[in-house]
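So the sequences go chain by chain: A and U. Each residue of the first sequence is one higher than the one before, counting from 50 in the numbering used here. Each residue of the second sequence is one higher than the one before, counting from 240 in the numbering used here. Just so you know, even glycine gets a beta-carbon here, dropped at the ideal spot from N, CA and C.
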Amino acid sequence: MRSPVVAAALVAAALALVAPVLPSYPLTLLTQVLIVAVLAMSLDVLLGYTGLPSLGHAAYFGIAAYAVGILATERAAGFATCLLAGLVLATATAAVFGVLAIRAVGTYFLMITLALGMVVWGLAFRWVSMTKGDNGISGVPRPELPWPGSLWSPLPFFYFALVAALVAWLLLGVLVRSPFGMTLKGIRESESRMRALGYNVWLHKYLAFVISGLFAGFAGVLWAYYNGFVSPVDVQLVTSVETLLMVALGGPGTLAGPALGAAAIVFLKNFVSVYTKRWLLILGAVYIGVILFAPRGVFGAFTRGHR
Amino acid sequence: MSAEFWITQTFNGLSYGALLFLLASGLSLIFGVMRIVNLAHGSYFMLGGYVGLSVMWRTGSFALALIAGAVAIALVGIAMERLFLRRLPGQTLGQVLMTVGFALIFQDLALLVWGGDPYTIPVPASLQGAVATGALRFPTYRIFIIVVAFVIGAALWLGLDRTRAGAMIRAAVDDAEMAQGVGIRVPRLSLGVFALGAALAALGGVIGGGFLGVYPGADFEVLPYAFVVVIVGGLGSLPGAMVGSVLVGLLDNFGKALFPELSYFTLFAPMALILALRPTGLFGRV
Chain A
50 MRSPVVAAAL
60 VAAALALVAP
70 VLPSYPLTLL
80 TQVLIVAVLA
90 MSLDVLLGYT
100 GLPSLGHAAY
110 FGIAAYAVGI
120 LATERAAGFA
130 TCLLAGLVLA
140 TATAAVFGVL
150 AIRAVGTYFL
160 MITLALGMVV
170 WGLAFRWVSM
180 TKGDNGISGV
190 PRPELPWPGS
200 LWSPLPFFYF
210 ALVAALVAWL
220 LLGVLVRSPF
230 GMTLKGIRES
240 ESRMRALGYN
250 VWLHKYLAFV
260 ISGLFAGFAG
270 VLWAYYNGFV
280 SPVDVQLVTS
290 VETLLMVALG
300 GPGTLAGPAL
310 GAAAIVFLKN
320 FVSVYTKRWL
330 LILGAVYIGV
340 ILFAPRGVFG
350 AFTRGHR
Chain U
240 MSAEFWITQT
250 FNGLSYGALL
260 FLLASGLSLI
270 FGVMRIVNLA
280 HGSYFMLGGY
290 VGLSVMWRTG
300 SFALALIAGA
310 VAIALVGIAM
320 ERLFLRRLPG
330 QTLGQVLMTV
340 GFALIFQDLA
350 LLVWGGDPYT
360 IPVPASLQGA
370 VATGALRFPT
380 YRIFIIVVAF
390 VIGAALWLGL
400 DRTRAGAMIR
410 AAVDDAEMAQ
420 GVGIRVPRLS
430 LGVFALGAAL
440 AALGGVIGGG
450 FLGVYPGADF
460 EVLPYAFVVV
470 IVGGLGSLPG
480 AMVGSVLVGL
490 LDNFGKALFP
500 ELSYFTLFAP
510 MALILALRPT
520 GLFGRV
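Next up, the structure:
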């Protein structure tokens, strides 16, 4: 119970100390890792803890990112408004999609979440008057906050993302260790047994779905500010699948695992694309390799051994 | 809105639905027998189109392009199923990630071999032009697509309903374990169904290459359509794939014509509604 908190504090402290001496490119990548890690952890609430593989997770991430993008550029809205709008929209979308998806089990759940994710992608792509379509929304300004240093420069924004990711990690950590989180694990292991014990299985799965969407939305808000640009790429199927890969790579059912998986994939994508144009080929091979050689996650075995 | 508008759009929707049927019937059968969510199915469509294009350039024979595309991609499907997917029985997430891995590899290989330019497969002169009745014009090529889909649909239906292999496939769709128990060699059957599904998608790719074109990104563009057809119709059901294809073809076409900004929404929202009322699709069983 204590050890993950200590470990996370050490990692965060190490990152915070190293950051000032890092050149801006690796620092920007680390910032990206932190944001994507929040997305991966949010998906893990569903996949790892509840046993529900969602193929449409980019929808909540993307909706929040679009909310920030549109409000910050066209309405010049402040941070609080954007954050709130992003979180509310992502949560509301998850609340609607959850009603449709939670009834389904197994492969049907996968396919329904895939299709629902496509609804959002379709809107992002085609609702040009709102989303600017394929061109995306560019020039999203970083927020003006009472923060040491301007968020426009890499280092203060890195600290901002670090604090945000730690807050998300802490909240999710409390959630998965709570009686509610234990019930989710029980549902993952045996739905029928939990039902027989008198738990409202549907409601627990539904709440997990909505909470997962809320945190994905949080990641989306950070992403819009980080990237300064929101486009249909953020909500497309490949983004959802890549998040699944991060969780699978890191080891589902832990919070540290997906975060490490996110780091591995972000660094891999960025470094490989520097050296070769064929990075899709390599990424595809990574997908296949992970499934064949590390079906329980590369870091999963390690983190499990600690318990 | 004139009557011509409605007739033309209905015809266009039907012909697009016919193309979708080629793509989705294979996906549905594969799913029915093997319970695999194959995200590389759109890649078969795209690769089939590219192979057909190359054969067309070399030989100038459209028939040969169709055959070569289907056979080549069937072999790709066989290799994928036999060497990789068979190692992951029942692992839904693993199968999804693995087929995505293949889809990414296929996408990059296609870019490497055929480059990033869009092409259109030149169709033979006999399929060009249009049939005109009064003020209405029906392009011959779109009529050809509908005819092909009808022939394939009828052949699949007869094959599934009247042959021994078809009975075995139906048994495996209903209960693979039980089918195995009564002596049906389900792994071999799965391989055959997988190859057939890949070949049908590739056939769709070659035919679609004649009017949609062949281009990078076609794989992930058609994939959601195939999934919507299969979800609406019901997984593993041939009549479901037929009805679903026509429905999706019409919805997509009218959506794009009437509400261009919401066109994907008009496609996916009815699907969500059907799912909410019938979680297993129109013709699906649990």
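Based on the DSSP output, what are the partners of Pro378 of chain U in its beta bridges?
Position 139 of the second sequence, counting from 1, holds the residue named residue 378 of chain U. In DSSP, Pro378 of chain U forms a bridge with U:Ala369.
If you follow the alpha helix (DSSP H) that Asp93 of chain A is in, where does it begin and where does it stop?
By 1-based counting over the first sequence, the position of residue 93 of chain A is 44. It spans Ser73 to Asp93 - the alpha helix (DSSP H) in which Asp93 of chain A sits, taken as one unbroken run.
Compare the C-beta of Val290 of chain A with all C-beta atoms of chain U and state if any pair is closer than 7 Å.
Taking the first residue of the first sequence as position 1, residue 290 of chain A is located at position 241. With 7 Å as the cut-off, Val290 of chain A counts as an interface residue toward chain U.
If we define contact as Cβ-Cβ less than 7 Å, is Pro455 of chain U a contact residue for chain A?
Start at 1 with the first residue of the second sequence, and residue 455 of chain U comes out as number 216. So, not an interface residue.
Could you have a look at Ile513 of chain U and say whether DSSP puts it in helix, strand or coil?
Here residue 513 of chain U corresponds to residue number 274 of the second sequence, with the count starting at 1. In this structure, Ile513 of chain U counts as helix in the three-state DSSP scheme.
What separation, rounded to the nearest whole angstrom, lies between the Cα atoms of Ile260 of chain A and Leu220 of chain A?
Within the first sequence, the letter at position 211 stands for residue 260 of chain A. Within the first sequence, the letter at position 171 stands for residue 220 of chain A. One C-alpha to the other measures close to 11 Å.
Does the CB of Leu259 of chain U have a neighbour CB from chain A at under 7 Å?
For the purposes of this step, residue 259 of chain U is identified with residue 20 of the second sequence, where counting begins at 1. It does not; no Cβ of chain A falls within 7 Å.
From the DSSP output, in three-state form, read off Ser254 of chain U for me.
The residue you call residue 254 of chain U lines up with position 15 of the second sequence. Three-state DSSP puts Ser254 of chain U in a helix.
9 Å Cβ cut-off: residues of chain A touching Val276 of chain U
Numbered from its first residue, the second sequence carries residue 276 of chain U at position 37. Simply Leu104, Thr156, Leu159, Met160 and Leu163.
For Ile119 of chain A, the first and last residue of its enclosing alpha helix (DSSP H)
Position 70 of the first sequence, counted from the first residue, corresponds to residue 119 of chain A. Where Ile119 of chain A is concerned, the enclosing alpha helix (DSSP H) stretches over Ala107 to Glu123.
Check whether the Cβ atoms of Glu320 of chain U and Phe250 of chain U sit closer than 7 Å, and answer yes or no.
Against the second sequence, residue 320 of chain U aligns to sequence position 81. Against the second sequence, residue 250 of chain U aligns to sequence position 11. For Glu320 of chain U and Phe250 of chain U, no; Cβs fall outside 7 Å.
How would you write the range of the alpha helix (DSSP H) that Asn492 of chain U sits in, first residue to last?
Taking the second sequence and counting its residues from 1, one reaches residue 492 of chain U at position 253. First-last of the alpha helix (DSSP H) with Asn492 of chain U: Leu477 to Leu497.
If you measure from the CB of Tyr454 of chain U, is any heavy atom of the ligand SAH nearer than 6 Å?
Looking for the ligand SAH in the displayed structure turns up nothing, as the structure carries no ligands at all.
Whole-number beta carbon distance between Gly444 of chain U and Phe270 of chain U, since they are thought to touch under 8 Å
As a position in the second sequence, residue 270 of chain U is number 31, starting the count at 1. As a position in the second sequence, residue 444 of chain U is number 205, starting the count at 1. The pair is not a contact, with the Cβ atoms about 19 Å apart (cut-off 8 Å).
Against chain A, with Cβ distances strictly below 7 Å, would Tyr503 of chain U count as a contact?
Taking the first residue of the second sequence as 1, we reach residue 503 of chain U at position 264. Chain A contact via Cβ: present.
How close, in whole Å, do the beta carbons of Ala108 of chain A and Gly166 of chain A come, if the pair is a contact with beta carbons under 8 Å?
Your numbering for residue 108 of chain A matches position 59 in the first sequence. Your numbering for residue 166 of chain A matches position 117 in the first sequence. Their Cβ separation, rounded to whole angstroms, is 5 Å, which keeps Ala108 of chain A and Gly166 of chain A in contact under 8 Å.
Under 8 Å by beta carbon: chain U residues contacting Leu293 of chain A:
Stepping through the first sequence from its first residue, residue 293 of chain A is reached at position 244. Simply Leu332, Val335 and Leu336.
Which of the three DSSP states, helix, strand or coil, is assigned to Tyr358 of chain U?
For the purposes of this step, residue 358 of chain U is taken as residue 119 along the second sequence, with counting starting at 1. Note: Tyr358 of chain U maps to strand in three-state DSSP.
Which of helix, strand or coil does DSSP assign to Val145 of chain A?
For the purposes of this step, residue 145 of chain A is taken as the residue at position 96 of the first sequence. Note: Val145 of chain A maps to helix in three-state DSSP.
Using DSSP's beta-bridge definition, name the partner residues of Phe507 of chain U.
Sequence index remark: in the second sequence, residue 507 of chain U carries index 268 (1-based). Answer is none; Phe507 of chain U lacks a bridge partner.
If Leu286 of chain U sits next to Ala349 of chain U, beta carbons under 8 Å apart, how far is it from one beta carbon to the other, in whole angstroms?
On the second sequence, position 47 is the one that residue 286 of chain U refers to. On the second sequence, position 110 is the one that residue 349 of chain U refers to. Rounded, the Cβ-Cβ distance is 6 Å, consistent with contact.
So, is Met50 of chain A buried or exposed, given that buried needs 16 or more other C-beta atoms within 10 angstroms?
Locating residue 50 of chain A in the first sequence gives position 1, counting from the first residue. Annotation note: pLDDT 48 at Met50 of chain A (below 50); position unreliable, coordinate value reported separately. Per the 10 Å Cβ criterion, exposed.
In chain order, which continuous runs of the alpha helix (DSSP H) of length 4 or greater are located wholly inside the segment 268-323 of chain U?
280-298 and 301-322
Is the shortest distance between the beta-carbon of Glu320 of chain U and the beta-carbons of chain A less than 7 Å?
For the purposes of this step, residue 320 of chain U is identified with residue 81 of the second sequence, where counting begins at 1. It does not; no Cβ of chain A falls within 7 Å.
Could you tell me whether the Cβ of Gly340 of chain U comes closer than 7 Å to any Cβ of chain A?
For the purposes of this step, residue 340 of chain U is taken as residue 101 along the second sequence, with counting starting at 1. Chain A, which has a Cβ nearer than 7 Å to the Cβ of Gly340 of chain U, makes this yes.
Selected residue, minimal CA-CA separation from Ile385 of chain U, among U:Arg424, U:Gly398, U:Pro357 and U:Leu366:
The residue given as residue 385 of chain U occupies position 146 in the second sequence. Checking every option, the nearest Cα to that of Ile385 of chain U belongs to U:Leu366.
Would the segment 459-471 of chain U count as touching the segment 351-363 of chain U if we require 3 or more Cβ pairs under 8 Å?
no
Between the C-alpha atoms of Val335 of chain A and Ala374 of chain U, what's the straight-line distance to the nearest angstrom?
Against the first sequence, residue 335 of chain A aligns to sequence position 286. Against the second sequence, residue 374 of chain U aligns to sequence position 135. Distance between the alpha carbons of Val335 of chain A and Ala374 of chain U: 56 Å.
So, at 6 Å on beta carbons, what are the nonlocal neighbours of Leu462 of chain U in its own chain, with the 5 sequence-adjacent residues on each side left out?
Translated into positions along the second sequence, residue 462 of chain U becomes position 223. Once the five neighbours on either side are set aside, the close Cβ partners of Leu462 of chain U are Gly281.
Can Gly302 of chain A and Gly111 of chain A be called in contact, C-beta distance under 7 Å?
Along the first sequence, read from residue 1 onward, the residue named residue 302 of chain A stands at position 253. Along the first sequence, read from residue 1 onward, the residue named residue 111 of chain A stands at position 62. Contact: no.
With the cut-off set at 7 Å, would you say Ala114 of chain A and Gly269 of chain A are in Cβ contact?
Sequence index remark: in the first sequence, residue 114 of chain A carries index 65 (1-based). Sequence index remark: in the first sequence, residue 269 of chain A carries index 220 (1-based). Result yes, Cβ atoms of Ala114 of chain A and Gly269 of chain A sit closer than 7 Å.
Would you verify that the beta carbon of Ile344 of chain U is, or is not, closer than 7 Å to some beta carbon of chain A?
Start at 1 with the first residue of the second sequence, and residue 344 of chain U comes out as number 105. Taking Cβ atoms only, chain A reaches closer than 7 Å to Ile344 of chain U, which makes this a yes.
Report yes if the CB atom of Gly340 of chain U is closer than 7 Å to the CB atom of Gly333 of chain A, and no otherwise.
Counted from its first residue, the second sequence places residue 340 of chain U at position 101. Counted from its first residue, the first sequence places residue 333 of chain A at position 284. Their beta carbons are under 7 Å apart, which means Gly340 of chain U touches Gly333 of chain A by this criterion.
Return the CA-CA distance between Leu258 of chain U and Gly447 of chain U, expressed in angstroms with no decimal places.
Position 19 of the second sequence holds residue 258 of chain U. Position 208 of the second sequence holds residue 447 of chain U. Leu258 of chain U and Gly447 of chain U: Cα-Cα distance of roughly 7 Å.
Exposure of Leu286 of chain A, with buried meaning 16 or more beta-carbon neighbours within 10 Å
As a first step, residue 286 of chain A is located in the first sequence; it is residue number 237 there, counting from the start. So Leu286 of chain A ends up on the buried side.
Could you tell me whether the Cβ of Leu514 of chain U comes closer than 7 Å to any Cβ of chain A?
For the purposes of this step, residue 514 of chain U is identified with residue 275 of the second sequence, where counting begins at 1. Answer yes: the Cβ-Cβ gap between Leu514 of chain U and chain A drops below 7 Å somewhere.
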